[in-house]
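J.: Numbering (this note's numbering), first residue to last: 178 to 370. Cβ coordinates follow ideal geometry from the N, Cα and C atoms, glycine included. Take a look at this one; I'll ask things after.
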Amino acid sequence: MNCRINKISKKLQKKLDKERYEHTLGVMYTAAALAMCHNANVEQAILAGLLHDCAKCIPNDKKIKLCRKYKLELSDVELQNPSLLHAKLGAYIARKKYHVEDCEVLCAIKSHTTGKPAMTLLEKIIYIADYIEPGRPDLPNMAEVRQLAFKNIDECLYRMLNDSLIYLKSKKLPVDKMTEKTYDYYKTTLKNG
Ligand code: FE
Ligand code: FE
């Protein structure tokens, strides 16, 4: 591991609980493997994977306070489910506290919970790596989704979004508008592609 990544991971380890830190390393290595497979920049994937959940262990009320302090926009769904905020807050903290200036890396952190239409390859990689890293509990269809991630990245996205929307709706949990938009976008893209 290079020196910068080493330094960041040490600092991050103090900010995350053990479980979250292990998940973080899983996402980092999975993102690196996906980047190799899809010919993306491996260093960007490692950096974004490492920092994607850097704001996750901040208590929810503090997340809201910090977003207000840093003037980050808050939607109703985010206020109802502040855990979603760790993505945009994480991108801000990655820049402010971990000195990441690479906009592509920051965007991948920002979109990792909801996804967004027309994602860059790096954004797709982080979104997917977060879901399929080896430490994730074995969700239904996981084996298939993991294989798809290395075979057909857009189809993998579609499958993941489809499965999560079904899950959220079955539990009557709020669905972020962006997740819905992302789903529609990839559904149409696949049909037309
Ligand atoms: Fe996350
Ligand atoms: Fe995560």
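Applying the criterion that 16 or more other CB atoms from any shown protein chain within 10 Å of the CB defines a buried residue, is A320 buried or exposed?
T.: Label assigned to A320: exposed.
J.: Report yes if the C-beta distance between C234 and I270 is below 7 Å; otherwise report no.
T.: Taking 7 Å as the Cβ cut-off, C234 and I270 do not qualify as a contacting pair.
J.: Pull up the distance between the alpha-carbon of D361 and that of K346, whole angstroms please.
T.: Taking the straight line from one Cα to the other gives about 16 Å.
J.: Excluding five sequence neighbours on each side, which residues of the same chain lie with their C-beta closer than 7 Å to the C-beta of D307?
T.: Hits under 7 Å: V204, H229, H289.
J.: When DSSP labels each residue in this structure, what does L193 get in the three-state scheme?
T.: In the structure shown, L193 sits in coil (DSSP, three-state: anything other than H, G, I, E or B).
J.: Y249 by DSSP, collapsed to three states: which one?
T.: Sequence inspection shows Leu at residue 249; the Tyr mentioned does not correspond to that position. The answer is coil: DSSP assigns L249 none of H, G, I, E or B.
J.: Which of helix, strand or coil does DSSP assign to I235?
T.: Reduced to three states, the DSSP call for I235 is coil.
J.: Taking DSSP as the reference, what is the three-state secondary structure of M296?
T.: Reduced to three states, the DSSP call for M296 is coil.
J.: N258 and P317 - do their beta-carbons sit closer together than 7 Å?
T.: Cβ distance not < 7 Å, so P317 and N258 don't count as in contact.
J.: So R313 is in the alpha helix (DSSP H); what residue range does that whole segment cover?
T.: Premise fails: R313 is in no alpha helix (DSSP H) and is neither H nor E.
J.: Out of L325, A326, S186, state which residue places its alpha-carbon closest to the alpha-carbon of K274.
T.: The option with the nearest alpha carbon to K274 is S186.
J.: Helix, strand or coil for L350, going by three-state DSSP, please let me know.
T.: If DSSP states are grouped into helix, strand and coil, L350 belongs with coil.
J.: Please confirm whether any heavy atom of ligand 2 lies closer than 6 Å to the CB of D230.
T.: Checking every heavy atom of ligand 2 against the Cβ of D230, one is found closer than 6 Å.
J.: Buried or exposed: H276, going by 16 or more other Cβ atoms within 10 Å of its Cβ?
T.: By the neighbour-count rule (16 or more Cβ atoms within 10 Å), H276 is not buried but exposed.
J.: Identify, in the order they occur along the chain, each residue of the same chain with its Cβ nearer than 8 Å to the Cβ of S252, setting aside the five sequence neighbours on each side.
T.: Once the five neighbours on either side are set aside, the close Cβ partners of S252 are D353, K354.
J.: Provide the residue span of the alpha helix (DSSP H) that contains E220, from first to last.
T.: First-last of the alpha helix (DSSP H) with E220: 219-228.
J.: Measuring only from the beta carbon, is D307 closer than 6 Å to any heavy atom that is part of ligand 2?
T.: Yes, since a heavy atom of ligand 2 falls inside the 6 Å radius drawn around the Cβ of D307.
J.: With a threshold of 8 Å on Cβ separation, who are the neighbours of L174 within its own chain once the five nearest residues in sequence on each side are excluded?
T.: No answer is possible for residue 174: the residues shown for the chain start at 178 and end at 370.
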